[in-house]
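To start, the structure itself, in structure tokens.
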Amino acid sequence: MLACVVLGAGAWGRPKPLSEPSFDTAEVLYRQGLLPDGTSLRGERQGAEPIEGQAAACANCHRRSGFGVEEGRIVIPPITGKYLFRGSSNDAAQMAHSGSEALSPRRSRYSSETLARAIREGIDPDGRKLDYLMPRFALDDATMSLLIGYLKQLSTHPAPGALTDILQFATIVTPDADPAKRDAMLDVLNHFFGNKNAFYRGDDPPLQRERRIHFRVLRRWQLHVWELSGPPETWETQLQKRFKLEPVFAVIAGIGAKTWGPVHRFCESESLPCLLPNVDLPVVAERDFYSVYFSRGVLLEADVIAARLSNEASIATPPRIVEVFRGGDIGAAAAQALAAAVGNTVTMHELRSKQPARELAAVAREAAGADALVLWLRPDDLKALPAGVSLAKNVFVSGLMGGLEKAPLPPSWRGAARMTYPFDLPEQRTIRMNYPLGWFRIQHIAVVDERIQTDTYLACSIVAEAAGTMLDNFVPDYLLERVEVELSHRIINGYYPRLGLAPGQRFASKGAYIVRFPDPADARVVADGDWIVP
Amino acid sequence: MKGPSNISANVRAVLMSLVAASLTVWATAAEVVVPPAAHHQASAAEETADPQDALPAVTRSVVNYPVPAIRLVRDDGKNVALIDELNDGRPVVLNFIYTTCTGICPLASHVFSQLQHQLGAERDQVHLVSISVDAEEDTPARLRAYAQQYSAGPSWQHYTGTVAASTAAQRAFDTYKGDKMGHTPVTLVRTAPGGPWVRFDGFATAAMLLKELHGKGQITAAVSSTRP
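Residue numbers (this note's numbering), protein chains in the order written: chain A, 1 to 534; chain B, 1001 to 1228.
Below you can see the structure in the form of structure tokens.
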């Protein structure tokens, strides 16, 4: 099934496979700038101090995929064997990325000898100097051959799910997901895939020349819906089994409720790009690479509330706070994050009763003298808040959990509440929202959950755009690198004022508003202060 | 499926070439010392017989940039006016960076680090200013960590702020390129408040900046400017 896209081997023939220990050593050199003896790689530039270790690693500029990137007018060229060892070419099937190729100078093909000279002395095969940005590396012969061996095989392995005429994708549904939201998301995905394939010309032969580029790049898209069952501990294994049965190139969207960790771990362990818009409690792990989220969700909300509390002059430091959440729901993690940020004057209240009206009334009484009461609650619990009680000085409501402006707060609470709102304000996003909403209308998609459907549509668009710039190089790491770039210069971002990623950045939207309801009787919200980036 | 504002990669490539071309024209109109940076250095560096001696091709121009009223957040968390930061009486060396940038910025920050070192006893008489072009990601805490990575001394400050403020600062110095990935290497030097800015397009070395600070920039001829 995977035997399809072995890309044309260059003049250098098939790469000699590196043995496993050599491969690992070479990868550490390429990605982390550590030499086989454990010392730091050292790069030199004329007139500048040498750079060492991580700062000197090839992957810094040329990226993990080796396909390089453009930065302004500077093109960091691809350095996979396929490009180095081929001559200058107009053949799109041999290109890395249309932008970088258009700006790259023509050059003759490298040999292992001229490549070693380029790395050591900064001279290309035609005797021209490489750009100043490229340092020189005094590698010994053994290390040089290790590195060149690594470059020869880099990004040559056929990616799972990327076939000659089809790209396979998956979306993931956890068993605790709300069925209505699940269907709303799938409706968007199915229409997007259907649309994509409506342009597909299945009878065309694989791309041979650049004039046929469109046919080659527009592979048919196929969606697999991976529905999980049982307890979260079993999800990772279930996903691995599905992945083996149905190899996919990437995961687009997905929907859960309380737990997302197992899905995140699956994406990382399988090196599978996962663009995950609909996750309100993502996994925050600095070094993780494959899972991309639109924001830090409720953890972002917690930091925004903490930032507001620390800026409010009328609030004591540390503030006395009461937080309410349901055990097992995502609010528990958010409550802990907020408590960690503000100190030990926080009272946590875990809601237990199915009919929580009395419990909530008791909490409200307890919180009446506090600086803030923070509600990490879903709509059903918000509905049960007691009317006619005196409230804490500040009441914060999680917009993500409560349902944003539609949160069913009793009027007395709505008048007092401040709500975290990690999106652009409704009236400011109107024009941006015309794009997804117009598309839904054209597609006859019922808008059941506007945010989930818009975010899912946005995720599909981003993957389509990123994949569209990859030409024939369907390499998982490269997809993520292209997603970083494409997502960062979009303007039509649905609910978000802007999105941005970069190496090491995996949460695209960084801030939130705190909003209030000027009229307790309706759902209109206004900003209570500026956009906060905690 | 694309929004109209998403320019395709091909169009962007062409646009970038145009930008490159127009910058060349602009540079010729200014006080050009060396032709602007090209991918491979063209005929400019050519007097360097030994390519091992390759120094970056840098365009030096003198420009008046009025400093607009912008408030930024300094890496110590303090909200400051850009104009006060620039007009503290000291010469200023300014660049634009972002902390997760892997290509251009590490080199630019290295150069600042080296400049700081080469200034020696004069270090604290020169204000090094690095403004983030990825303001929302680069919180003061992240900037502090980044500064530490480059051993920034007390006279080298990093700045962030709102996206609007960062954009306004980039526009003020004609370095705004739409998004952070579009940035180009630019270093600005001003020896005294109220004076003109000397703008280096390309990878200015610490030695070039030092020479400029010592007031020798004007008299450096083409050759000496490439070979400080």
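Cβ coordinates follow ideal geometry from the N, Cα and C atoms, glycine included.
When rounded, the separation of the alpha-carbon atoms in A/R31 and A/C58 is 6 Å. Cα atoms of A/D131 and A/T430: separation of roughly 45 Å, rounded to the nearest angstrom. Apart from sequence neighbours up to five positions away, the residues of its chain that approach A/P356 with a beta-carbon distance below 8 Å are D381, A384, ordered along the chain. Counting C-beta atoms within 10 angstroms of its own C-beta, A/A56 has 16 or more neighbours from the protein chains shown and is therefore classed as buried. In this structure, the beta-carbon distance from A/L300 to A/A512 falls below 9 Å.
B/E1212 and B/Q1125 have their C-alpha atoms some 14 Å from each other.
The beta carbons of B/T1160 and B/T1139 sit about 7 Å from each other, so the pair counts as a contact at 8 Å.
The beta-carbon of A/Y293 is placed no less than 9 Å from the nearest beta-carbon of chain B. Per DSSP, B/H1117 is one residue of the alpha helix (DSSP H) stretching across 1104 to 1119. Chain-order list of chain A residues neighbouring B/V1111: A48, by C-beta distance under 7 Å.
A/R109: not part of any alpha helix (DSSP H); DSSP gives it neither H nor E.
Going by C-alpha positions, A/A257 is about 24 Å away from A/E359.
In the three-state reduction of the DSSP assignment, A/I491 falls in the coil class, being assigned neither a helical nor a strand state. Think of a sphere of 8 Å around the beta carbon of B/F1203: the chain A residues whose beta carbon falls inside it are Y132, L133, in chain order. Between the segment 453 to 467 of chain A and the segment 184 to 198 of chain A, the count of C-beta pairs closer than 8 Å reaches three or more; the two stretches touch.
When Cβ-Cβ separations below 9 Å define contact, A/V533 makes contact with chain B. Taking 9 Å as the cut-off, the beta carbon of A/M419 is found no closer than this to the beta carbon of A/S390. In the structure shown, A/L151 falls within a helical segment according to DSSP collapsed to helix, strand and coil. Linking A/L338 to A/N278 through their CA atoms gives a straight-line distance of about 22 Å. Every alpha helix (DSSP H) of 4 residues or more that sits fully in the segment 113 to 185 of chain A is shown, in chain order, as 141 to 153.
Close to A/I51, with beta-carbon spacing below 9 Å, are these residues of chain B in chain order: P1106, L1107, H1110.
Within the segment 469 to 496 of chain A, those residues whose Cβ lies closer than 7 Å to any Cβ of chain B are, in chain order, T469, V485, S488, H489, R490, I491, I492.
A check of alpha carbon separations from A/P78 across A/R63, A/A142, A/A138 identifies A/R63 as the nearest. Residues of the segment 243 to 276 of chain A with a C-beta atom less than 9 Å from some C-beta of chain B do not occur. If you look at A/M401, you'll find it isn't in any beta strand (DSSP E); it sits in the alpha helix (DSSP H) that goes 399 to 402. Pairing A/V525 with A/A184 gives a Cβ-Cβ distance that is not under 9 Å. By the rule that beta-carbons nearer than 9 Å mark a contact, A/D530 touches chain B. A/F440: member of the alpha helix (DSSP H) spanning 430 to 443, first to last residue. In the three-state reduction of the DSSP assignment, A/E227 falls in the strand class, which pools E and B. Distance from the CA of A/Q153 to the CA of A/G81, rounded to the nearest whole angstrom, comes to 7 Å. Taking the CA atoms as reference points, A/P379 sits about 13 Å from A/W413. Going by beta carbons, A/F440 and A/V284 fall outside the 9 Å limit. Per DSSP, A/I79 is not a residue of any alpha helix (DSSP H), being assigned neither H nor E. Bounds of any alpha helix (DSSP H) do not take in A/A370, whose DSSP letter is neither H nor E. Burial is judged here by how many other beta carbons sit within 10 angstroms of a residue's own beta carbon; A/Q428 has fewer than 16 and is exposed. Contact check for A/Y290 against A/P282 fails: the beta carbons are separated by 9 Å or more.
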